[in-house]
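In the UniProt record's numbering, the protein residues as written are 1 to 327.
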């Protein structure tokens, strides 16, 4: 359970968008649209040496799907049709001398008949235009992020998780940030099951339980964060960690918002016994909750039982208004 570290943070936009300068790097959470028609994909182009998939930064208080629908309407001027979650791309790169840590959540969106066949202006950015292009054709103007292009072939109902590093960076502060008065956290939740019981954390006597885990750090991908947090809390290395859920948490009354990335973790050895203290947070104790009692007890996030048997190539997507503050 990582300690909270607050760096010098300022917002780069006029609204509470999740695109921030943190320790001179840019951290962003983006909702991105994958729209295809007759083997071509819709891209945005302008006076810059690449093209990009339509989308933009999520805003505080906004769900991922709502952000995707808003971005689509802002760019095309048309309401979005049914959105289908396609993937998460964690992209680490350098642009104009500055390091970026970008979480892109991608949605398939159907191409409406009203969408022009020829290039047309971006509704909220008149200097740019949208055009249809063959994503597989060789071109002097690449489509960014290139790591996201395989998502174009993801069947509806399936999900892909892509981690793409360009160069290396030293991990920075926890991604628990102040965005115009809203505390926004990117957290890994750890699901670990042994002998029909789920490992949880609890404050003894509190009457509530929550998943082990903690904040992802700047320049750290969430899979690495899952391995780090598991070892920090239990003292046992993880043999594997697989993304099985996206969990959006909101506490509007206290101005808190959380994007939770839920990993199913396999341990390399025996885990702490009932009542053992969490290694990096002595006020917390481990408790093993029987799977049969999971939905009856106040274990947060809620709805976890549906993630335990999630097949490869799929994720669950949960929403919660939570009064509990995970570590």
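In this text, a Cβ means the ideal position worked out from N, Cα and C, and glycines have one as well.
Query: Other residues of its chain near residue 3: CB distance less than 6 Å, five sequence neighbours each side excluded; Result: Caution applies to residue 3, whose pLDDT of 27 falls short of 50 and renders its modelled position unreliable; the value that the coordinates give is listed next. Same-chain partners within the cutoff: there are none.
Query: Identity of the residue in 230, 59, 154, 133 nearest residue 328 by Cα; Result: Since the displayed the chain opens at 1 and closes at 327, residue 328 lies outside it and no answer follows.
Query: Outcome for residue 76 when other beta-carbon atoms lying within 10 angstroms are tallied against a minimum of 16; Result: buried
Query: Contact belief for residue 315 with residue 245 at Cβ below 8 Å, rounded distance in angstroms; Result: 5 Å
Query: Runs of alpha helix (DSSP H) lying entirely within the UniProt domain "Nudix hydrolase" (174-311), each at least 4 residues, in chain order; Result: 222-234
Query: Residue 45 beta carbon less than 8 Å from that of residue 101; Result: no
Query: Residue 280 to residue 213 span [Cα, whole Å]; Result: 11 Å
Query: Length at least 3, wholly inside the UniProt domain "Nudix hydrolase" (17-156): the beta strand (DSSP E) runs in chain order; Result: 19-22, 25-34, 40-45, 55-57, 84-95, 98-108, 120-122, 125-133
Query: Unbroken beta strand (DSSP E) run spanning residue 166, endpoints; Result: No beta strand (DSSP E) contains residue 166, which DSSP labels as neither H nor E.
Query: Contact between the segment 219-226 and the segment 152-172 (3+ Cβ pairs under 8 Å); Result: yes
Query: Close-in-space but distant-in-sequence residues of the same chain around residue 186 (CB under 6 Å, 5 per side omitted); Result: 175, 216, 259
Query: Supposed close pair residue 71, residue 81 - CB separation, criterion 8 Å; Result: Actually they are not in contact, since the Cβ atoms of residue 71 and residue 81 sit about 14 Å apart, beyond 8 Å.
Query: Residue environment, residue 296, which counts as buried when at least 16 other CB atoms sit within 10 Å; Result: exposed
Query: CA-to-CA distance, residue 170 to residue 21, given in whole angstroms; Result: 16 Å
Query: Cβ pair count under 8 Å reaching 3, the segment 232-241 against the segment 266-273; Result: yes
Query: Sequence-distant residues of its chain with Cβ nearer than 8 Å to residue 200 (five each side left out); Result: 209, 210, 211, 212, 286, 287, 288, 289, 299
Query: Exposure label - residue 312; buried when at least 16 CB within 10 Å; Result: exposed
Query: Three or more C-beta pairs below 8 Å linking the segment 128-137 and the segment 33-42; Result: yes
Query: DSSP bridge partner residues for residue 320 (one or two, in chain order); Result: 249
Query: Among 191, 147, 232, 95, nearest to residue 310 - alpha-carbon criterion; Result: 191
Query: Own chain, CB closer than 7 Å to residue 194, minus 5 neighbours either side, in chain order; Result: 271
Query: Cβ-Cβ distance between residue 106 and residue 86 below 8 Å; Result: yes
Query: Separation of residue 189 from residue 60, as counted between CA atoms; Result: 21 Å
Query: Buried versus exposed, by CB contacts within 10 Å (16 or more), residue 17; Result: buried
Query: Residue 36 beta carbon less than 8 Å from that of residue 151; Result: no
Query: Pick from 23, 90, 95 that is closest to residue 50, judged by C-alpha positions; Result: 95
Query: Own chain partners of residue 305 with C-beta closer than 6 Å, once the 5 adjacent residues on each side are dropped; Result: 294, 295
Query: Straight-line Cα distance separating residue 282 from residue 226; Result: 20 Å
Query: Spatially closest choice to residue 319 from 203, 62, 47, by CA coordinates; Result: 62
Query: Residue from 277, 317, 172, 113 with nearest C-alpha to residue 78; Result: 113
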